[in-house]
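Undergrad:
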Amino acid sequence: MRILKVIGLALVGSALAMGSAQAQKKWETVKIATEGAYAPWNFSGPGGKLDGFEVELANDLCRRMGVKCEVVAQDWDGIIPALQAGKYDAIMAGMNVTPKRMEAIQFSRVYAASPHGFGVLKSSPLAKLAGTGEVYHLERDAAQAQTTIDAWKPLLKGKTIGVQGSTVNSAFIEKHFKGVAEIREYKTTEQHDLDLAAGRLDAIFAGHSALAATAEKPEFKDMTIAGAGVSGDVLGAGVAVGLRKGDTELKAMFDKAINEAIADGGLAKLTAKWFTVKMTPQT
Amino acid sequence: MDFAFMGQAFMTLIAGIPLTLQLAFSSVALGAVLALVLAAMRQSGILPLDWFARGYVFVFRGTPLLVQVFLIYYGLGQFRPTLQEWGLWTFFREPYWCALTALTLNTAAYASEIIRGGLQSVPHGQVEAARACGMPRGLLFRRIVFPIAVRQALPGYSNEIILMVKATSLASIITMMEVTGLAHKLISQTFRAIEVFVVAGAIYLLLNFAVTRIVMAVEHWLSPHLRPPPTPIATPPEAAHV
Chain E
42 MRILKVIGLA LVGSALAMGS AQAQKKWETV KIATEGAYAP WNFSGPGGKL DGFEVELAND
102 LCRRMGVKCE VVAQDWDGII PALQAGKYDA IMAGMNVTPK RMEAIQFSRV YAASPHGFGV
162 LKSSPLAKLA GTGEVYHLER DAAQAQTTID AWKPLLKGKT IGVQGSTVNS AFIEKHFKGV
222 AEIREYKTTE QHDLDLAAGR LDAIFAGHSA LAATAEKPEF KDMTIAGAGV SGDVLGAGVA
282 VGLRKGDTEL KAMFDKAINE AIADGGLAKL TAKWFTVKMT PQT
Chain Y
38 MDFAFMGQAF MTLIAGIPLT LQLAFSSVAL GAVLALVLAA MRQSGILPLD WFARGYVFVF
98 RGTPLLVQVF LIYYGLGQFR PTLQEWGLWT FFREPYWCAL TALTLNTAAY ASEIIRGGLQ
158 SVPHGQVEAA RACGMPRGLL FRRIVFPIAV RQALPGYSNE IILMVKATSL ASIITMMEVT
218 GLAHKLISQT FRAIEVFVVA GAIYLLLNFA VTRIVMAVEH WLSPHLRPPP TPIATPPEAA
278 HV
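Those sequence lines, one after another, are chains E and Y.
By the count of the working numbering, the first sequence reaches residue 324 at its end, each step adding exactly one.
By the count of the working numbering, the second sequence reaches residue 279 at its end, each step adding exactly one.
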């Protein structure tokens with residue numbers, strides 16, 4: 042009888058201990074998902090090893106947070122549902138903060154932002170899209186942005202535009218070019234790059250950072266960025282770490298680590314290493 | 038599970054059914070023609086033709102359809118200048134034709150084996166009996182061998198048709214917005230994977246249910262000799278006198 046009592050007490054005790062441990066979950070390892078197909082943000086190098094700006098940044102942030110870091114690859118179109126399902130704890134995959142995504146998950150502070158725009162072949166008539174070299178914010182420079190988009194429409198009429206599905210880029214193209222141009226959605230940006238080069242697409246719409254990285258590859262030397270860069274509105278408020286809504290402590294840890302990385306220049310160094318285009322606000 | 042949302046998802050996804058069915062039935066129909074040719078090549082006894090058909094089946098049955106779709110779409114995209122020279126680029130430029138090509142070539146490989154099995158299962162006695170009646174080769178094939186072979190091959194072939202309905206989902210990876218493509222899109226907008234995929238699965242179930250019913254009806258129609266003869270409706274003899 043006494044033995045049973047002891048066992049019973051031990052069970053209750055361990056259950057209590059587990060309960061309290063869960064209440065203030067100590068983060069020892071953080072599993073971070075990235076896409077692995079969005080150079081230079083994140084990509085799979087030779088042998089499938091993940092590399093890129095966000096993979097290095099993830100390791101740097103984990104070092105600052107004093108946790109062990111595990112970066113895994115996850116297809117883009119399932120990246121938010123899998124976070125919610127608890128397959129990993131954070132997303133660092135060039136994901137922009139948008140109100141729509143905020144309904145499902147929460148974000149850390151922004152760690153990078155680059156404008157978005159069209160990529161076309163140099164030989165294409167679309168290479169003359171208005172505003173090349175300029176960057177407009179869809180809300181702050183609303184008037185100029187609208188004039189530019191209106192100037193693009195006649196040129197893009199009936200053309201085929203490729204975008205990666207379920208991104209801010211597809212949201213922008215659907216908002217402004219649905220019914221004007223034929224829109225094709227791809228699983229990865231690498232795939233629409235190939236189709237632009239093959240001539241199946243007249244233009245692609247993606248982040249300038251990714252377009253610039255693609256144009257540097259020898260097999261895409263005929264590609265160029267055309268027209269003004271745009272940001273804001275459906276294109277989101279910059280790239281941040283995506284987190285489950287409940288994990289407020291983890292959000293605080295990421296915010297602190299990113300702020301540190303900004304303050305001591307660690308982030309700027311990584312940005313300079315991986316990006317050729319200018320990455321706007323860091324503060 | 039949010040049933041109201043599932044209802045909305047269903048309404049969104051049914052927009053993809055025409056494309057799914059179009060891809061499935063066009064590829065099955067074209068594949069069947071190609072399969073007949075391949076099966077005839079296997080049966081011809083002409084060595085080069087036989088070996089070509091064997092090689093074809095080996096390659097297309099032995100590699101994943103996903104890889105074939107990628108090879109035909111992205112692979113051929115890299116040979117654009119050559120294809121343009123041959124005037125084939127307008128065809129391979131479109132994702133629809135690439136998907137249809139991949140599905141057709143793939144199903145032809147499987148179907149040719151099913152048809153070959155059907156042809157070989159025709160009892161020799163029936164062929165000999167037909168020959169003994171003096172039937173020429175063409176008529177023998179049309180009236181004796183082909184109907185029996187089709188009847189034998191049908192259960193196996195219905196499997197293949199069902200597989201093709203499901204295989205169309207792979208077209209979504211080359212930007213085709215059929216049922217699965219629309220499902221992916223809806224998930225990315227709503228982040229609700231379970232509900233959307235359950236609805237997508239239910240749609241494929243419904244489609245395949247219809248397919249199995251149709252094949253069963255065809256099977257019934259092709260095998261009257263296996264059923265007991267219908268009992269004639271006996272008209273009462275006095276009826277005329279009433």
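Every residue, glycine too, gets a C-beta built ideally from N, C-alpha and C.
Could you confirm whether any beta carbon from chain E is found closer than 8 Å to the beta carbon of residue 210(Y)?
TA: Taking Cβ atoms only, chain E reaches closer than 8 Å to residue 210(Y), which makes this a yes.
Undergrad: Leaving out five residues on either side along the sequence, give the residues of the same chain with a beta carbon under 6 Å from the beta carbon of residue 191(Y).
TA: Same-chain partners within the cutoff: 256.
Undergrad: Can you find at least 3 beta carbon pairs, one from the region 137 to 156 of chain Y and one from the region 174 to 191 of chain Y, that sit closer than 8 Å?
TA: With a cut-off of 8 Å, the region 174 to 191 of chain Y and the region 137 to 156 of chain Y count as touching, because enough Cβ pairs lie within range.
Undergrad: I'd like to confirm the pairing. Which residues does DSSP put opposite residue 79(E) in its beta bridges?
TA: Beta-bridge pairing links residue 79(E) to 83(E).
Undergrad: Listing by chain order, which chain Y residues have their CB less than 8 Å from the CB of residue 125(E)?
TA: Result: 228.
Undergrad: Does the distance from the CB of residue 145(Y) to the CB of residue 75(Y) come in under 8 Å?
TA: Yes, Cβ-Cβ distance for residue 145(Y) and residue 75(Y) is below 8 Å.
Undergrad: Using DSSP's beta-bridge definition, name the partner residues of residue 109(E).
TA: According to DSSP, residue 109(E) bridges with 70(E).
Undergrad: Let me check understanding here. Comparing Cα to Cα, which of 301(E), 267(E) and 319(E) lies closest to residue 166(E)?
TA: Ranking 301(E), 267(E) and 319(E) by Cα distance to residue 166(E) puts 267(E) first.
Undergrad: Less than 8 Å between the C-beta atoms of residue 320(E) and residue 153(E), yes or no?
TA: In contact: residue 320(E) and residue 153(E) (Cβ atoms closer than 8 Å).
Undergrad: Check each candidate in 183(E), 309(E), 236(E) and 194(E) and name the one with the smallest Cα separation from residue 275(E).
TA: Out of 183(E), 309(E), 236(E) and 194(E), 183(E) has the C-alpha closest to the C-alpha of residue 275(E).
Undergrad: Helix, strand or coil for residue 123(E), going by three-state DSSP, please let me know.
TA: Note: residue 123(E) maps to helix in three-state DSSP.
Undergrad: Once DSSP output is grouped into helix, strand and coil, what is the label at residue 241(E)?
TA: Looking at residue 241(E) - three-state DSSP - the assignment turns out to be coil, as it is neither helix nor strand.
Undergrad: Does any residue of chain Y bring its CB to less than 8 Å from the CB of residue 79(E)?
TA: Not closer than 8 Å to any Cβ of chain Y, the Cβ of residue 79(E) fails to qualify, so no.
Undergrad: Is the CB of residue 245(E) under 8 Å away from at least one CB in chain Y?
TA: Not an interface residue.
Undergrad: For residue 168(Y), which three-state DSSP category applies?
TA: Looking at residue 168(Y) - three-state DSSP - the assignment turns out to be helix.
Undergrad: For the alpha helix (DSSP H) containing residue 198(Y), name the first residue and the last one.
TA: Start and end: 183 to 204.
Undergrad: For residue 272(E), name the three-state secondary structure that DSSP assigns.
TA: In the structure shown, residue 272(E) sits in a strand (DSSP, three-state: E or B).
Undergrad: Since I believe residue 209(E) is in contact with residue 277(E) (beta carbons under 8 Å), could you give me their beta-carbon distance rounded to a whole number of angstroms?
TA: Residue 277(E) to residue 209(E), Cβ: 5 Å. Contact.
Undergrad: Based on the DSSP secondary-structure assignment, which residues constitute the bridge partners of residue 147(E)?
TA: For residue 147(E), which the question treats as bridged, DSSP gives the partners 284(E).
Undergrad: What's the gap between the Cα of residue 328(E) and the Cα of residue 107(E)?
TA: Outside the displayed span of chain E (42 to 324) sits residue 328(E), for which this structure offers no information.
Undergrad: Against residue 290(E), what residues of chain Y qualify as contacts under a CB-to-CB distance less than 9 Å, listed in chain order?
TA: Going along chain Y, no residue has its Cβ under 9 Å from residue 290(E), so there is no contact; the nearest lies around 23 Å.
Undergrad: At the 8 Å Cβ level, is residue 114(Y) part of the contact set with chain E, yes or no?
TA: Closer than 8 Å to some Cβ of chain E, the Cβ of residue 114(Y) qualifies, so yes.
Undergrad: Below 8 Å between beta carbons is the criterion; list the residues of the region 217 to 235 of chain E that meet it against any residue of chain Y, in chain order.
TA: Listed in sequence order: 225, 226, 227, 228, 232 and 235.
Undergrad: Taking Cβ-Cβ distances shorter than 7 Å, what residues in chain Y pair up with residue 122(E)?
TA: Within chain Y, the residues near residue 122(E) are 224, 228 and 230.
Undergrad: Chain Y partners of residue 130(E), CB-CB under 8 Å?
TA: Near residue 130(E) there are no residues of chain Y at all, since even the closest Cβ is about 17 Å away, more than 8 Å.
Undergrad: For residue 132(Y), count neighbouring C-beta atoms within 10 Å of its own C-beta (all shown protein chains included) and say buried if the count is 16 or more, exposed if not.
TA: By the 10 Å Cβ count, residue 132(Y) comes out buried.
Undergrad: Within 8 Å (strictly less), CB to CB, does residue 241(E) reach chain Y?
TA: For residue 241(E), the answer is yes, since a Cβ of chain Y falls inside 8 Å of its Cβ.
Undergrad: On the premise that residue 179(E) lies in contact with residue 271(E), defined as a C-beta separation below 8 Å, what is that separation, rounded to the nearest angstrom?
TA: About 6 Å; that satisfies the 8 Å criterion.
Undergrad: So residue 133(Y) contacts chain E; which residues on that side make the cut at Cβ distance below 8 Å?
TA: Within 8 Å Cβ-Cβ: nothing; residue 133(Y) doesn't reach chain E, min ~11 Å.
Undergrad: Flag this pair as yes or no: are the beta carbons of residue 279(E) and residue 96(E) separated by less than 8 Å?
TA: No, the pair does not count as a contact, with Cβ atoms beyond the cut-off.
Undergrad: Look up residue 260(Y) in the DSSP assignment and say whether it is helix, strand or coil.
TA: DSSP places residue 260(Y) in coil when its eight states are reduced to three.
Undergrad: On the DSSP letters alone, give me the boundaries of the alpha helix (DSSP H) that residue 188(E) sits inside.
TA: Per DSSP, residue 188(E) belongs to the alpha helix (DSSP H) from 183 to 197.
Undergrad: Got a sec: is the Cβ-Cβ distance from residue 119(E) to anything in chain Y below 8 Å?
TA: So, interface residue.
Undergrad: Could you give the residue range of the alpha helix (DSSP H) that holds residue 178(Y)?
TA: Per DSSP, residue 178(Y) belongs to no alpha helix (DSSP H) and is neither H nor E.
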